[in-house]
Every structure is written in C-alpha cells, then in structure tokens.
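> Protein chains in written order, with our numbering: chain A, 80 to 331; chain B, 80 to 331.
For glycine and all other residues, C-beta sits at the position ideal for the given N, C-alpha and C.
2 protein chains.
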Amino acid sequence: MKTLEFTTETSSNGIVEREFTLGDFDGALWSPASGAERAPLILMGHGGGNHHKSPAMSGRAARLVAIGGFNVATIDAPGHGRRPRTEHDEREIALMQQAMAAGEPVGPIVVPYNLHLAERAVPEWRATLDALQELPEIGPQGPVGYYGLNMGTAIGIPLTAAEPRIRAAVFGQFWPDPLAATAKRITVPVEYDLQWDDEHIPRAEGLALFDAFASKDKTLHANAGRHKELPRFEADSAAHFFVRHLGRATAA
Amino acid sequence: MKTLEFTTETSSNGIVEREFTLGDFDGALWSPASGAERAPLILMGHGGGNHHKSPAMSGRAARLVAIGGFNVATIDAPGHGRRPRTEHDEREIALMQQAMAAGEPVGPIVVPYNLHLAERAVPEWRATLDALQELPEIGPQGPVGYYGLNMGTAIGIPLTAAEPRIRAAVFGQFWPDPLAATAKRITVPVEYDLQWDDEHIPRAEGLALFDAFASKDKTLHANAGRHKELPRFEADSAAHFFVRHLGRATAA
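#1: What are the boundary residues of the alpha helix (DSSP H) that includes F321/A?
#2: Extract the residue ranges of the beta strand (DSSP E) inside the stretch 99-184 of chain A, only unbroken runs of 3 or more that lie entirely within it.
#3: Opposite T89/A in the DSSP bridges: which residues?
#4: Could you say which of A241/A, P134/A, L299/A and L174/A lies nearest to L273/B if we only look at CA atoms?
#5: On a CA-only basis, which of G221/A, I280/A and K295/A is nearest Q252/A? Give me that one, please.
#6: Between A197/B, G147/B and G221/B, which lies nearest to A240/B when the distance is taken from Cα to Cα?
#7: Can you tell me which residues form a DSSP beta bridge with I188/B?
#8: Return the chain-ordered list of same chain residues with a C-beta closer than 7 Å to the C-beta of K263/B, the five sequence neighbours on each side being excluded.
#9: Check for me: the alpha helix (DSSP H) holding D290/B runs from which residue to which?
#10: Would you check if the stretch 132-148 of chain B and the stretch 103-112 of chain B touch, i.e. whether three or more CB-CB distances between them fall below 8 Å?
#11: Can you pull the chain B neighbours of D296/A, defined as C-beta to C-beta under 9 Å?
#12: Can a CB atom of chain B be found closer than 8 Å to the CB of A331/A?
#13: Please check if any C-beta of chain B sits within less than 8 Å of the C-beta of L299/A.
#14: Return no unless some Cβ of chain B is closer than 8 Å to the Cβ of R323/A.
#15: Can you find a C-beta in chain A that's less than 8 Å from the C-beta of S316/B?
#16: Check each candidate in A115/B, E116/B, P119/B and D105/B and name the one with the smallest Cα separation from H125/B.
#17: Go through its chain and collect everything with a Cβ distance to I265/B's Cβ below 8 Å, but skip five positions before and after it.
#18: Short check: CB of L83/B to CB of F99/B, under 8 Å?
#19: Applying the 10 Å Cβ sphere with the 16-neighbour rule, what's the burial state of S333/B?
#20: What do you get for F85/B, buried or exposed, if any count of 16 or more other CB atoms within 10 angstroms of its CB means buried?
#21: Using CA atoms only, rank isn't needed, just tell me which of V267/A, G127/A, E284/A and P268/A is closest to W275/A.
#22: Can you give me the Cβ contacts of V144/B inside the same chain, cut-off strictly under 6 Å, excluding the 5 residues immediately before and after it?
#23: Could you check what DSSP says for D276/B in three-state terms: helix, strand or coil?
#24: To the nearest angstrom, report how far apart R323/A and A118/A are at their CA atoms.
#25: Check this for me: beta carbons of A152/A and L211/A, under 8 Å apart or not?
#26: On the criterion of 16 or more Cβ atoms from any shown chain inside 10 Å, does P215/A qualify as buried, or is it exposed?
#27: Check the DSSP bridge columns for A301/B and list the partner residues they point to.
#28: With H, G and I counted as helix, E and B as strand and the rest as coil, what does DSSP make of R244/B?
Structure follows, in structure tokens:
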C-alpha cells in the first residue's frame with residue numbers, strides 16, 4: 080500500500096488545509112481546526128477539466144467543514160491537475176472541444192470518456208480511502224460520504240457501487256446511459272442535483288438517472304438555470320444531507 | 080377592517096404561541112421569545128382535512144422560528160377546523176371519501192374543490208395579512224413568505240399571484256391543471272416539494288406544475304416515497320430557503 084505524504088499545511092478561518100501526494104497523484108485534506116478526530120470523512124470528486132484544488136472544491140470543503148465539522152478529501156482524476164494526459168485523453172478532449180465549438184451535443188463524447196476515466200479513478204479512490212483511514216485522526220471506523228457532480232458523478236457512481244464504506248452520496252448532472260445500470264445497484268441515501276434548463280443534459284435524461292438509484296432515501300434537487308448555473312446553496316444542502324446520514328463531528 | 084384578537088398565549092422552548100380570531104375564523108401566530116420585532120413573516124397554509132394547529136403546522140412553525148427567527152401565522156381554511164361546512168363542502172368531501180375508498184383517482188374531485196376553497200380563502204388570507212401588519216411587532220414593511228403544500232398550494236398559488244407583499248413561497252404536491260396557468264404569473268423565488276412515488280399525483284403532472292412557475296429562481300425537491308411520506312427535513316430546507324430570500328431576524 081502506498082503511503083500518503085503531506086506536503087503543505089495551511090490554516091485559516093478554523094479550517095486546516097493539507098495537501099498530500101499518494102503515489103503518482105495529488106490530493107488535499109480539509110479538516111476543522113479542532114474536533115477533526117474521528118469526524119466523518121467526505122470524499123469529493125471534481126468535475127471534468129478541473130482539479131483537486133479548484134474553487135468549487137475548496138468552496139464546498141469550507142461549507143462541509145463549517146456545517147458538519149467533517150474531514151474532506153479530494154484527489155486529481157486521471158489526466159487532470161498536474162497529472163500527465165494519455166494519447167486517449169488528448170484525443171477525447173480535442174473531440175469534446177470540437178463539439179463544444181460546433182454547438183454539437185457533448186454527451187456522446189463526455190459519457191464514454193468519463194466512464195473510461197472512472198475505470199482508472201475508482202482503484203485510486205479506494206487506495207486513497209485506505210490511506211486516509213490509516214491516519215490516526217480519521218481511523219478505519221468512521222462513516223464515509225462521497226460528493227461529486229458531472230465527471231465527479233461518472234466516477235462516483237461506480238465507486239459508490241463498489242465501495243461499501245461509502246454510506247451516503249451526493250451526485251448530479253450526468254447522463255443516464257449506461258450509468259443508470261450501475262446506479263440501480265446503489266442503495267445508500269442519495270441527494271441528486273440537476274439543472275432544469277441544462278443545455279447539455281436533456282431534462283428527461285437527468286430525471287432518468289435520478290430515477291435509477293435503488294436507494295429508498297433519495298432526493299432530487301432541480302434548480303432553474305443552465306448547466307453551469309447550479310446555485311452555491313446546494314453545497315450547504317449537501318452538508319446538511321451528510322449531517323443527517325453520517326452524523327456531525329462532536330465538536331462542530 | 081376586522082380586528083385580530085388574541086385569545087391565548089403560551090410559551091415554550093423559546094417560542095411564543097398566540098391563538099387569535101379574526102372575524103369568523105381562527106388562527107395562530109408563533110414568534111421567537113426574543114427578537115420577533117420586525118422579523119420576516121411566514122404565512123402557512125394547511126393541507127386538506129387539516130387545521131391551523133395540526134402537528135404539521137406547529138412542527139413546521141417550530142423549525143421556522145428556530146432556524147430563521149421568523150413570525151409564523153396560520154389560519155383555518157374555509158370548512159376546516161371549527162368552521163362550519165357548507166352543503167358544497169359536505170358533498171365534495173363525501174365524493175372524495177368515496178373515491179379514496181374505491182381506490183379511484185382523487186384528483187378530479189380534489190382539484191376543483193380545492194380551487195373553489197381558494198376563491199373563499201384568498202380574501203381571508205389578504206385580510207389576515209392586513210391585520211398582522213397592523214401589529215406593532217410585525218409592521219407593514221417587513222418581507223412576507225408563504226408556505227403551504229397540497230391544499231395549501233391550491234390556495235397559495237392564487238394568493239401569491241394576487242399578493243405583491245409575498246416575496247418568496249414554498250409549494251408542493253398538487254396537480255397542474257388548471258393551476259399551472261396561475262403559476263405562470265408567479266415570479267418570486269419558489270421551492271417546490273413533490274413525492275417521486277406519489278400514488279395520487281402522477282409524476283409528470285407534479286413536474287409540470289413546477290415547470291409552470293415563471294420564477295427565475297426556483298428549486299424542485301423530489302423525494303422518494305408516497306404521497307404522505309414527505310420527509311420532515313424539508314421543513315428545515317424551507318426555513319433555509321426563506322432565510323436566503325427574506326433574511327433572518329437580527330436576534331435569531
């Protein structure tokens with residue numbers, strides 16, 4: 080098992096941020112300045128073209144720490160952040176940019192490419208979870224949640240289906256085919272975000288992926304607006320969702 | 080203008096509950112024990128067959144006071160609580176019970192009956208709002224919200240469309256025809272609750288009513304479960320929604 084090595088540590092507004100490396104990828108761990116011991120752990124997957132310390136990731140981490148007192152971890156997906164791109168990555172990204180520029184549907188490119196990335200990413204996430212649970216402040220027993228939209232959902236659905244340690248998940252903004260088949264194997268509580276006027280993901284397709292989860296406890300949050308207009312208050316809602324299902328850190 | 084007269088006052092857990100009468104109907108006003116002055120006012124409409132002090136009303140009021148420090152008012156709908164039923168009320172209620180017992184769709188009875196009640200209820204709500212705004216602790220200037228599901232939505236949509244003082248609303252669980260035409264005139268922020276597996280309101284019809292609101296800022300919360308299984312945490316979500324749009328009482 081590869082060892083997680085912390086490279087930097089900064090602290091502000093009651094949140095400690097530590098960057099780490101694990102083998103050949105980078106990550107970050109946010110924790111409350113006090114009370115992090117044995118707090119529930121939230122794994123956050125970033126969106127396509129983004130990275131583990133993008134503003135969306137650090138912004139959501141801040142809300143999760145403030146509301147739930149959680150430990151929050153992100154890692155770079157394959158081909159993202161400082162990680163090298165394969166020829167396959169380069170080809171798919173070029174195709175995606177061509178489709179965007181031409182105003183053509185991106186789903187037929189994004190879906191298979193993101194599921195290809197998920198095959199590479201799921202073992203990396205499981206190794207990350209192993210390594211995080213070796214840390215004395217996290218430990219092997221605490222509840223774990225997953226939070227990722229867009230590509231973070233394409234990776235998170237197979238990860239959650241495969242990983243019994245994940246006990247609640249927030250997903251959103253992806254196409255159902257062929258991911259719905261995997262979603263049907265997920266029974267943990269799910270909160271699902273979609274944009275009601277998404278110009279990339281047809282409304283019926285977004286609803287179909289939500290419908291597929293086998294979870295008895297699942298909630299759809301559909302907000303008016305286009306793909307990139309997901310309201311920031313959904314991060315607060317996700318934090319309250321994790322508090323309901325994983326508990327709150329005692330000191331938070 | 081009829082005068083609002085308080086009949087009882089009790090206080091527990093930091094919440095003051097006062098019952099009142101206004102002409103020929105009863106109501107209740109919940110307020111924080113301190114800091115109620117000029118706090119935003121939430122009007123809550125109860126569901127069919129229910130009344131102004133049902134557990135759903137007092138339970139939601141408690142969450143609204145705790146989270147937002149709001150003043151929260153309910154009144155009995157026509158034919159509900161201690162109010163007399165008309166022959167029309169008796170006939171429609173009997174038809175509804177027959178349909179329920181026979182396992183037949185209730186929408187064809189509930190929809191026209193609830194819209195008939197709305198015609199009687201909307202002027203009563205406006206008179207109630209006038210009277211509440213005469214109270215020194217509420218005043219004429221503060222922001223007003225409306226929160227009502229089921230019959231509370233059948234009454235609340237025409238009320239909100241007619242009443243410019245209502246600046247944000249939480250609705251849910253109703254049929255679109257013919258209410259969608261009125262919803263199209265509503266532009267204030269809306270949060271809309273529906274049950275994904277509602278045995279009375281077909282999913283596509285629930286989604287169609289949400290779709291109809293003209294509001295740029297609107298959010299659908301769809302939860303797995305049947306009609307009566309709406310999760311209680313949606314009351315907390317409604318409170319956070321009103322805090323976002325109406326502000327929080329200073330002392331809350």
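So, from the listed chains and residues:
#1: By one-based count along the first sequence, residue 321/A stands at place 242. From DSSP, the alpha helix (DSSP H) with F321/A extends over F312 to L325.
#2: 104-111, 120-124 and 150-154
#3: Your numbering for residue 89/A matches position 10 in the first sequence. According to DSSP, T89/A bridges with E96/A.
#4: The residue labelled residue 273/B in the question sits at position 194 within the second sequence. Ranking the options by Cα distance to L273/B, first place goes to L299/A.
#5: Here residue 252/A corresponds to residue number 173 of the first sequence, with the count starting at 1. Comparing Cα positions, the closest option is I280/A.
#6: Reading the second sequence from its first residue, position 161 is the one you call residue 240/B. The shortest Cα separation from A240/B among A197/B, G147/B and G221/B belongs to A197/B.
#7: The count along the second sequence starts at 1 and reaches residue 188/B at position 109. Note: I188/B sits in no beta bridge, so no partner.
#8: Taking the second sequence and counting its residues from 1, one reaches residue 263/B at position 184. Same-chain partners within the cutoff: A291 and A293.
#9: Locating residue 290/B in the second sequence gives position 211, where the first residue counts as 1. That run of the alpha helix (DSSP H) goes R282 to A291.
#10: Yes: the two stretches touch, three or more of their Cβ pairs being nearer than 8 Å.
#11: Taking the first residue of the first sequence as position 1, residue 296/A is located at position 217. By Cβ distance, chain B contributes N302, A303, G304 and P310.
#12: Mapped onto the first sequence, residue 331/A falls at position 252. Confidence in A331/A is poor, its pLDDT being 41 and thus under 50, which makes the residue's placement too unreliable to answer from.
#13: By 1-based counting over the first sequence, the position of residue 299/A is 220. True, the Cβ-Cβ gap to chain B drops below 8 Å.
#14: For the purposes of this step, residue 323/A is taken as residue 244 along the first sequence, with counting starting at 1. Look at R323/A: its C-beta is under 8 Å from a C-beta on chain B.
#15: The residue given as residue 316/B occupies position 237 in the second sequence. True, the Cβ-Cβ gap to chain A drops below 8 Å.
#16: Taking the first residue of the second sequence as position 1, residue 125/B is located at position 46. Out of A115/B, E116/B, P119/B and D105/B, D105/B has the C-alpha closest to the C-alpha of H125/B.
#17: Position 186 of the second sequence, counting from 1, holds the residue named residue 265/B. Closer than 8 Å at the Cβ level, and outside the excluded window around I265/B, lie I236, T239, A240, A248, F292, A293 and S294.
#18: As a first step, residue 83/B must be located in the second sequence, where it is residue number 4. As a first step, residue 99/B must be located in the second sequence, where it is residue number 20. Taking 8 Å as the Cβ cut-off, L83/B and F99/B qualify as a contacting pair.
#19: Coverage of chain B is limited to positions 80 through 331, which leaves residue 333/B absent and any answer about it impossible.
#20: In the second sequence, the residue the question calls residue 85/B occupies position 6. The residue is exposed, with fewer than 16 neighbouring Cβ atoms inside 10 Å.
#21: If you number the first sequence from 1, residue 275/A lands on position 196. Nearest of V267/A, G127/A, E284/A and P268/A to W275/A, Cα basis: E284/A.
#22: Here residue 144/B corresponds to residue number 65 of the second sequence, with the count starting at 1. So the qualifying residues of the chain are I94, W109 and P111.
#23: On the second sequence, position 197 is the one that residue 276/B refers to. D276/B falls in the coil class under three-state DSSP.
#24: Stepping through the first sequence from its first residue, residue 323/A is reached at position 244. Stepping through the first sequence from its first residue, residue 118/A is reached at position 39. Going from the Cα of R323/A to the Cα of A118/A covers about 14 Å.
#25: One-based indexing of the first sequence puts residue 152/A at position 73. One-based indexing of the first sequence puts residue 211/A at position 132. Closer than 8 Å, so yes.
#26: As a position in the first sequence, residue 215/A is number 136, starting the count at 1. Exposed, because fewer than 16 other Cβ atoms sit within 10 Å of the Cβ of P215/A.
#27: Numbered from its first residue, the second sequence carries residue 301/B at position 222. A301/B pairs with L299/A and L273/B.
#28: Looking up residue 244/B in the second sequence gives position 165. It is coil, neither helix nor strand.
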